[in-house]
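J.: Keeping their order, the protein sequence lines are chains C and F.
Numbering follows the working numbering, in which position 7 of the first sequence is assigned residue number 7; successive positions increment by one, without gaps.
Numbering follows the working numbering, in which position 53 of the second sequence is assigned residue number 115; successive positions increment by one, without gaps.
Here it is, the structure in full.
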Amino acid sequence: MNVSVDRAKCDNHGQCTFSAPTVFRLNEQGILEYDEKVDDSLRADVDEAADVCPMQAIIVTD
Amino acid sequence: MSTEIDVPYLYISDPSFAMHSEAVREARERHWYANTNYGFAVLRHEYVSTLLKDTRLSQGSGKWPDHNGVHSGLFYDWWTKCLLVLEGEDHHRIRRLLNPAFSFRHIEAYVPRFEQLATELVDAIIDRGEFEYVHDFAEPYATRVLCILTGIPESEWPTIARISSSIGLALGVTIKDDLPEIDNALAELYGYAEALIVDRQASPRDDLVTRLVEANRAGDSLSDDELRNALCLLIFGGMDTTRNQLGLGMQTMMQNPDQWELLAQRPELARNAVEEVMRMNPTTTWVTREAMVDFDYEDLHAPAGSTVHFFTQVSGTDPAAYPNPGMDITAERAPHYGFGGGMHHCLGHFVARMDMTIALRTLSQRMTNIRVSGVDEWMPDSGNTGPVYLPLAFDKR
Chain C
1 MNVSVDRAKC DNHGQCTFSA PTVFRLNEQG ILEYDEKVDD SLRADVDEAA DVCPMQAIIV
61 TD
Chain F
63 MSTEIDVPYL YISDPSFAMH SEAVREARER HWYANTNYGF AVLRHEYVST LLKDTRLSQG
123 SGKWPDHNGV HSGLFYDWWT KCLLVLEGED HHRIRRLLNP AFSFRHIEAY VPRFEQLATE
183 LVDAIIDRGE FEYVHDFAEP YATRVLCILT GIPESEWPTI ARISSSIGLA LGVTIKDDLP
243 EIDNALAELY GYAEALIVDR QASPRDDLVT RLVEANRAGD SLSDDELRNA LCLLIFGGMD
303 TTRNQLGLGM QTMMQNPDQW ELLAQRPELA RNAVEEVMRM NPTTTWVTRE AMVDFDYEDL
363 HAPAGSTVHF FTQVSGTDPA AYPNPGMDIT AERAPHYGFG GGMHHCLGHF VARMDMTIAL
423 RTLSQRMTNI RVSGVDEWMP DSGNTGPVYL PLAFDKR
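Shown next, in the form of structure tokens:
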């Protein structure tokens, strides 16, 4: 699956890092970094990350 | 050569201290933070946005009971284990298990119930031409929303409101004197929460409590104690804040009658109106953090253990982030921090956003020319604020 984050919306709260810690992480400056190509075995975690994002900034596509 | 920086000073414990004041605006213009009689206060939007999420700062409320002479008891045990004050992996685990039940798509399903509730409350006063906003609308609305969410019968809302106010005394400096009342109220709330958990474990439903009971990540789930603690936090954290924010929302709308009329004509702007209200007039006027280590940022040196406040209303009206800071419910704005931020970002914000959107939309559809019609009474402008008593008159639309 493909993951993208709308940087105009993302505010680096980091809630996604709790749902899918291997896909989303905050760097030392507190800025979100993430993998754009993710194995489908992580679909449930990534969907949860998108669901719980306070800014609704995460887009997941097949 | 070092430059001497003239850091402003604010005495924030003064009962007359006001966030919406020239002194605070002037301090924000002079420097990005101020020294106060109780820690540091970050004033500018850019700095609030960055530092609120800094992991060297912890949530900071965990030691509140200890700082005020309370070291044991039911409230103490609950508070020191509740999500609000947890840090690190203990926090992340619970937060992750709770988050999905509060996601937008689950909360959206409650819209028809919230609309029905708002309409019922407005119907009850619409022919009177006047009402007391806190007791006739904001408090029953905020409390019954929580009843709807948790499945507590709505008819029991006065009991839930009383329990919530009693536990709320724990946030005051008189916590030690009020402790018997606080502990009794929490025991009563435990009773409600435990009964809900037992019921949903036996008979699952399509509702929030069932989703929490069934929450499971990689074989990990919430224990009965963790579930009870979370439900109590939901009620404690969701009721007073929503009631107060609805009161502040009405205040801001009354100060901007053109925006109220625009909202009445374009109800789809209600969601944006909530954002504007929270940006300009948040109930949580500051969000508190504590430096876990010596915390240095530019010229700020906050020794380990010191308190750092993030002033939400002040940063929400910072002209550097909002060139036209006046209310405009059609504007696209930088985010405000009325729900805090970072890993402790408000868990229930989708609920609050949704229920306040419906409240403002419903009220604006039915009332115009709303004005204060008696002597109003307000909480002090520090920490959490809002109206205690707000008598209003209006014309029926």
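All C-beta atoms in this analysis are idealised placements derived from N, C-alpha and C, irrespective of residue type, glycine included.
Compare the beta carbon distance of F/T424 and F/E177 with 9 Å and say whether it is the shorter of the two.
T.: yes
J.: Output yes or no for whether 9 Å exceeds the beta carbon distance between F/A292 and F/L160.
T.: yes
J.: Can you confirm whether F/G122, when its beta carbon is compared against all beta carbons of chain C, has any partner nearer than 9 Å?
T.: no
J.: With DSSP run on the structure shown, which of helix, strand or coil describes C/V46?
T.: helix
J.: Using a Cβ-Cβ cut-off of less than 7 Å, list which residues of the segment 10-29 of chain C approach chain F; keep chain order.
T.: D11, N12, H13, G14, Q15, F18 and S19
J.: Closer than 7 Å by C-beta to F/A364: which residues in its own chain qualify, once you throw out the five before and the five after it? Chain order, please.
T.: F102, A353, F357 and V370
J.: What residues of chain C sit near F/A407, judged by a beta carbon separation below 8 Å?
T.: The sequence given here places His at residue 407 of chain F; Ala does not occur at that position. Correct list: H13, Q15 and P54.
J.: Any heavy atom of the ligand COA closer than 8 Å to the beta-carbon of F/P215?
T.: As for the ligand COA, it is missing from this structure, which has no ligand bound.
J.: Compare the C-beta of F/T304 with all C-beta atoms of chain C and state if any pair is closer than 9 Å.
T.: no
J.: For the putative contact between F/V339 and F/G311, defined by C-beta atoms under 8 Å, what is the C-beta separation to the nearest angstrom?
T.: 4 Å
J.: Which of helix, strand or coil does DSSP assign to F/W348?
T.: strand
J.: Examine the Cβ distances between the segment 233-245 of chain F and the segment 253-261 of chain F and report whether three or more of them are shorter than 8 Å.
T.: no
J.: Return the CA-CA distance between C/D51 and C/D45, expressed in angstroms with no decimal places.
T.: 10 Å
J.: Hey, out of F/E394, F/T346 and F/E151, whose CA is closest to F/F401's CA?
T.: F/T346
J.: Let me make sure I understand the geometry here. Which of F/G135, F/A163 and F/T112 has the alpha-carbon closest to that of C/N27?
T.: F/T112
J.: Please list, in chain order, all residues of the same chain as F/I420 whose beta carbon is under 6 Å from its beta carbon, the five residues on each side excluded.
T.: Apart from sequence neighbours up to five positions away, the residues of its chain that approach F/I420 with a beta-carbon distance below 6 Å are F176, E177 and A180, ordered along the chain.
J.: Nearest chain C C-beta to F/T117 closer than 9 Å, yes or no?
T.: yes
J.: Give the C-beta separation of F/L296 and F/T221 to the nearest angstrom, bearing in mind that I take them to be a contact with Cβ-Cβ under 8 Å.
T.: Actually they are not in contact, since the Cβ atoms of F/L296 and F/T221 sit about 16 Å apart, beyond 8 Å.
J.: If you drop the 5 nearest sequence neighbours on each side, which residues of the same chain put their C-beta closer than 8 Å to that of F/I214?
T.: L208, I222, Y254 and L258
J.: Below 8 Å, how does it come out for the segment 400-415 of chain F and the segment 92-108 of chain F: are there three or more Cβ pairs, yes or no?
T.: no
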